[in-house]
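Notes for the one structure printed next.
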Amino acid sequence: MAAGIRTNELRKVYNTAPPLAAGAGGFSFAEKRSKGKQPKPEVVALNGISLDIHSGEIFCLLGPNGAGKSTTVGVLTTRVKPTAGQAWIGEHEVWKEQSAVKRLIGVVAQRPNLDFSLTAREILVFHGAYFGLSSHERSSRAASLLERFKLTDRADQIVRGFSGGMMQRLSIARAMMHDPQVLFLDEPSAGLDPQTRLLLWEIIREYNHSGKTVLLTTHNMEEADALCQRLAIVDHGRIIALGTPTELKNSVPGGYLLRLRFGHHSPELLQRFQSLAGVREVRATENNGADLYADRGGSLVSEVANFALAANIELCDVHISEPSLENLFLHHTGRSLRE
Amino acid sequence: MNYKAFMAMLARDVRVARRNIVALLFQTFLQPLMFVFIFGRVMVGSGYMPPEYKSLLLPGIMALSMVGTGIWAVAMPLIAEFQFTREIEDRLLAPMDISWVAVEKVVAGTLQALAAGIMVIPFAWLLLRPGVDLSLHRPILFAVVALLVALFSACGGLALGCSVEQTHIGLMFSLVVAPMIFFGCTYYPWSALKNFPIMQKAVLVNPLVYASEGLRATLVPQFPHLSLLAVFVGLLGFNALLLTVGLRQFHKKAVS
């Protein structure tokens, strides 16, 4: 049975600088010295995150660096203790039933955190052993994952010498080793070449088809769009929008941009485009061009072409850009207004 | 506690130790045995030291090897694994309370320290003979003291390993480990400090004193040594303290 994920008003305030990718705080003499001399700087990483991720869903947390994505994953995977709020994996409350939660989850951290003293195969086999798999199960599952992630030829080498992409693939293989009900992937495709990224997407989809829940963080809209059933946009530790990729994209007025170029410039024609349904703004640009901001894309092209034909003006070029993370994000945070 | 996960982690540490066995042997034995050779063999042979010094030196060298091994075996991997690579993460995510990950490190360190202690005796004996007068009349008592010494070294390794950053490893050795060794009654018995009364009292805050004197009391009881009661109280007290501090620091490092 797959498990869902729920959080209720999660808050996390770091007293020291938040660790990279929500790792851990550290002890240093410098920190000790400054104690008491100046107030500890407080960084609010999560500011009331409430989520309800259904079991069997691929859910995306989308946001810029430092938005709180990794801290959310850290709290859900027992690595970061929340300042307030609760989180559940399936029926288990994360901070009260840690061992039960850890059995249900597989985690791929933002940076590869492999056991550098071991070989690739040993990493998988020992991981299986930590989760109580039998010796036979461990070795057969490790072999098939190494094959699946194209690591078989380096399987018996110490991972210290692996490339970043290979380490990332092995991290994902390790997270899947005990067949967890919920898979967390923190920016899984960072540093992967396009081919490996496609392999990864395929593997994530396949894993999800077997009924598993996947939570992934990304700042890549394309990835969120390709993989997720629903996504949440996170900024400054808050969820600012939540829905399916299409719903969210449609929530941006004028999210589409049609860049047009004509044979010659005609202010009357541009004026007529204003009357087309869904067009929010028309701007004349250089070289007889025009930018149409609209809440629909492809369906406008034929109407634009008809108007141009009627006015006897040649339509030389059309480029449609779909709503991107950038304009989605700008719209939802309102930051574009300040720029 | 999850017995299977715990044993798997122990097996992982054994695998890593076995892979590094040659380096480990040099690291554990080279320095103590050189010391044994120069002070026990050269200095005694040339008449600068009395012949009894050989027997007095051996328990101290055993304590030194055990404590050095235990601290190194626990602290160094922890310092490395808690660095930005976060290698320890896969064990922290294993389905058991994270305190057991720390306890496993202590158990692995204790085993390594015991192995070092047991192996250094024949090596040192071979280098020093003839004239080493070991009298192992109370083997069980000796085993208990050796276990407590090994445990102390591993708990010390846990406390240090979780409190020191990689950039401060050199400082850890020069500020903590080196003074502990020199003021730890390893090369001389505690009673030899009677002409330095303040120092004799002050070194009692050094847990290595109880380790060296405890091994001296059970291996060469013919020489003056701290009472076994003091040794047990000292070692048990320091073990409890270091384990508590170590676990607290481990939690601080492991969970942000």
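Chains G and A, in that order, are what the protein sequence lines are. Counting the first sequence from 1 gives a position; our numbering is that position plus 1306. Counting the second sequence from 1 gives a position; our numbering is that position plus 26. Note that beta-carbon positions come from the ideal geometry of N, C-alpha and C, so glycine has one too. Because the structure is a prediction, the values reported are computed rather than measured.
Note to self: From the DSSP secondary-structure annotation, give me the bridge partner or partners of residue 1492 (chain G).
What the structure shows: Sequence index remark: in the first sequence, residue 1492 (chain G) carries index 186 (1-based). Note: residue 1492 (chain G) sits in a beta bridge opposite G:1523.
Notebook entry, point to check: In chain order, what residues of the same chain have a beta carbon less than 6 Å from the beta carbon of residue 256 (chain A), not counting five sequence neighbours either side?
Noted result: The residue given as residue 256 (chain A) occupies position 230 in the second sequence. Sequence-distant Cβ neighbours of residue 256 (chain A) in its own chain, meaning closer than 6 Å and more than five residues away, do not exist here.
Item checked: Extent of the continuous alpha helix (DSSP H) run through residue 211 (chain A) -> Within the second sequence, the letter at position 185 stands for residue 211 (chain A). No alpha helix (DSSP H) contains residue 211 (chain A), which DSSP labels as neither H nor E.
Next item on the list: With distances taken Cα to Cα, identify the nearest neighbour of residue 1350 (chain G) among G:1563, G:1364, G:1390.
Entry: Stepping through the first sequence from its first residue, residue 1350 (chain G) is reached at position 44. The residue with the shortest Cα to Cα distance from residue 1350 (chain G) is G:1390.
Checklist line | Cross-chain neighbours of residue 113 (chain A) in chain G, by beta carbon under 9 Å | finding: Here residue 113 (chain A) refers to the residue found at position 87 when the second sequence is read from its first residue. Within 9 Å Cβ-Cβ: 1419, 1420, 1421, 1422, 1423.
Note to self: Quick check on residue 200 (chain A) - is its C-beta less than 8 Å from some C-beta in chain G?
What the structure shows: As a first step, residue 200 (chain A) is located in the second sequence; it is residue number 174 there, counting from the start. Chain G contact via Cβ: absent.
Margin query: So if I threshold CB-CB distances at 8 Å, which residues from the segment 1483-1515 of chain G count as touching chain A?
Written below: none
Check: residue 1375 (chain G) lies in the alpha helix (DSSP H); which residues open and close that run?
Finding: Taking the first sequence and counting its residues from 1, the one referred to as residue 1375 (chain G) is at position 69. Unbroken alpha helix (DSSP H) run through residue 1375 (chain G): 1375-1382.
Item checked: alpha helix (DSSP H) runs wholly inside the segment 1465-1518 of chain G, at least 4 long, in chain order -> Uninterrupted alpha helix (DSSP H) stretches at least 4 residues long and entirely within the segment 1465-1518 of chain G occur at 1470-1482, 1500-1515, given in chain order.
Check: Residues of chain G with a CB under 8 Å from the CB of residue 281 (chain A): which are they?
Finding: Your numbering for residue 281 (chain A) matches position 255 in the second sequence. By Cβ distance, chain G contributes 1330, 1384, 1385, 1386, 1387.
Next item on the list: Within 10 angstroms of the Cβ of residue 265 (chain A), are there 16 or more other Cβ atoms? Answer buried if so, exposed if not.
Entry: Locating residue 265 (chain A) in the second sequence gives position 239, where the first residue counts as 1. Buried: at least 16 other Cβ atoms inside 10 Å.
Item checked: Span separating the alpha-carbon of residue 92 (chain A) from that of residue 1488 (chain G) -> By 1-based counting over the second sequence, the position of residue 92 (chain A) is 66. By 1-based counting over the first sequence, the position of residue 1488 (chain G) is 182. Straight across, the Cα-Cα distance linking residue 92 (chain A) with residue 1488 (chain G) is about 44 Å.
Note to self: Using beta carbons (cut-off 8 Å, strictly below), is residue 31 (chain A) in contact with chain G?
What the structure shows: Looking up residue 31 (chain A) in the second sequence gives position 5. So yes, residue 31 (chain A) belongs to the interface.
Item checked: the segment 121-142 of chain A: positions lying closer than 9 Å to chain G by Cβ -> 121, 122, 123, 124
Notebook entry, point to check: Along chain G, in chain order, which residues have C-beta atoms closer than 9 Å to that of residue 185 (chain A)?
Noted result: Your numbering for residue 185 (chain A) matches position 159 in the second sequence. Those do not exist, as residue 185 (chain A) stays about 12 Å from chain G at its closest Cβ, beyond 9 Å.
Notebook entry, point to check: What first and last residue would you give for the alpha helix (DSSP H) that runs through residue 1447 (chain G)?
Noted result: Counting from one through the first sequence, the residue named residue 1447 (chain G) turns up at place 141. Residues 1441-1454.
Check: What residues match up with residue 1595 (chain G) in a beta bridge as DSSP calls it?
Finding: One-based indexing of the first sequence puts residue 1595 (chain G) at position 289. Beta-bridge pairing links residue 1595 (chain G) to G:1567, G:1591.
Next item on the list: Using a Cβ cut-off of 9 Å, pull out every chain A residue sitting near residue 1557 (chain G), in sequence order please.
Entry: Numbered from 1 along the first sequence, position 251 holds the residue referred to as residue 1557 (chain G). Result: empty, since nearest Cβ-Cβ is about 34 Å, beyond 9 Å.
Notebook entry, point to check: Within 8 Å (strictly less), CB to CB, does residue 34 (chain A) reach chain G?
Noted result: Translated into positions along the second sequence, residue 34 (chain A) becomes position 8. Yes - at least one Cβ of chain G is within 8 Å of the one on residue 34 (chain A).
Item checked: Integer Cβ distance of residue 1498 (chain G) from residue 1471 (chain G), believed to fall under 8 Å -> Locating residue 1498 (chain G) in the first sequence gives position 192, where the first residue counts as 1. Locating residue 1471 (chain G) in the first sequence gives position 165, where the first residue counts as 1. Contact flag correct, Cβ pair sits at about 5 Å.
Check: What whole-angstrom Cβ distance do residue 1405 (chain G) and residue 123 (chain A) have, given they're in contact under 8 Å?
Finding: Taking the first residue of the first sequence as 1, we reach residue 1405 (chain G) at position 99. Taking the first residue of the second sequence as 1, we reach residue 123 (chain A) at position 97. Contact flag correct, Cβ pair sits at about 7 Å.
Next item on the list: Please report the residue range of the beta strand (DSSP E) in which residue 1555 (chain G) lies.
Entry: The residue given as residue 1555 (chain G) occupies position 249 in the first sequence. Unbroken run through residue 1555 (chain G) is the alpha helix (DSSP H), 1551-1556; no beta strand (DSSP E).
Checklist line | Distance, residue 1320 (chain G) Cα to residue 1357 (chain G) Cα | finding: On the first sequence, position 51 is the one that residue 1357 (chain G) refers to. On the first sequence, position 14 is the one that residue 1320 (chain G) refers to. Looking at the two C-alpha atoms, the distance is approximately 21 Å.
Check: In chain A, which residues lie less than 8 Å from residue 1635 (chain G) when you measure between Cβ atoms?
Finding: Taking the first residue of the first sequence as position 1, residue 1635 (chain G) is located at position 329. Here the premise fails: no neighbours, minimum Cβ distance about 27 Å.
Next item on the list: Below 7 Å CB to CB, which residues in the same chain sit around residue 1369 (chain G) once its five sequence neighbours on both sides are set aside?
Entry: Position 63 of the first sequence, counting from 1, holds the residue named residue 1369 (chain G). Excluding positions up to five away in sequence, the list reads 1375, 1525, 1539, 1540, 1541.
Item checked: Positions along the segment 42-58 of chain A whose CB lies within less than 7 Å of some CB in chain G -> 42
Next item on the list: Using a cut-off of 8 Å between C-beta atoms, extract the partners of residue 1447 (chain G) located in chain A.
Entry: Taking the first residue of the first sequence as position 1, residue 1447 (chain G) is located at position 141. Under the 8 Å cutoff, chain A gives no residues; its nearest Cβ is about 15 Å from residue 1447 (chain G).
Notebook entry, point to check: Can you name the start and end residues of the beta strand (DSSP E) that residue 222 (chain A) belongs to?
Noted result: The residue given as residue 222 (chain A) occupies position 196 in the second sequence. Segment: none, residue 222 (chain A) is in no beta strand (DSSP E) and carries neither H nor E.
Check: Going along chain G, which residues have a C-beta under 9 Å from residue 104 (chain A)?
Finding: Along the second sequence, read from residue 1 onward, the residue named residue 104 (chain A) stands at position 78. Residues of chain G passing the Cβ test: none, with the nearest at roughly 12 Å.
Checklist line | Residue-chain proximity (residue 1438 (chain G), chain A), Cβ-Cβ < 8 Å | finding: As a first step, residue 1438 (chain G) is located in the first sequence; it is residue number 132 there, counting from the start. Residue 1438 (chain G) counts as touching chain A.
Check: Is there a Cβ from chain A that is less than 8 Å from the Cβ of residue 1468 (chain G)?
Finding: On the first sequence, residue 1468 (chain G) is found 162 positions in, with the first residue counted as 1. Not one chain A Cβ lies under 8 Å of residue 1468 (chain G).
Note to self: Output needed for residue 1611 (chain G): all residues of its chain with C-beta closer than 6 Å, excluding positions within five of it in sequence on either side, in chain order.
What the structure shows: Translated into the one-based positions of the first sequence, residue 1611 (chain G) becomes position 305. Here the set comprises 1621.
Notebook entry, point to check: For a contact meaning CB atoms closer than 7 Å, what does residue 38 (chain A) contact in chain G?
Noted result: Translated into positions along the second sequence, residue 38 (chain A) becomes position 12. Within chain G, the residues near residue 38 (chain A) are 1432.
Next item on the list: Report the rounded CA-to-CA distance for residue 207 (chain A) versus residue 273 (chain A), giving the unit in angstroms.
Entry: Taking the second sequence and counting its residues from 1, one reaches residue 207 (chain A) at position 181. Taking the second sequence and counting its residues from 1, one reaches residue 273 (chain A) at position 247. One alpha carbon belongs to residue 207 (chain A), the other to residue 273 (chain A), and they sit about 24 Å apart.
Next item on the list: Using the Cα positions of residue 1504 (chain G) and residue 1604 (chain G), report the straight-line distance between them to the nearest angstrom.
Entry: As a position in the first sequence, residue 1504 (chain G) is number 198, starting the count at 1. As a position in the first sequence, residue 1604 (chain G) is number 298, starting the count at 1. Going from the Cα of residue 1504 (chain G) to the Cα of residue 1604 (chain G) covers about 26 Å.
Check: Grouping DSSP H, G and I as helix and E and B as strand, with all else coil, what is residue 61 (chain A)?
Finding: Residue numbering aside, residue 61 (chain A) sits at position 35 when the second sequence is read from its first letter. Helix.
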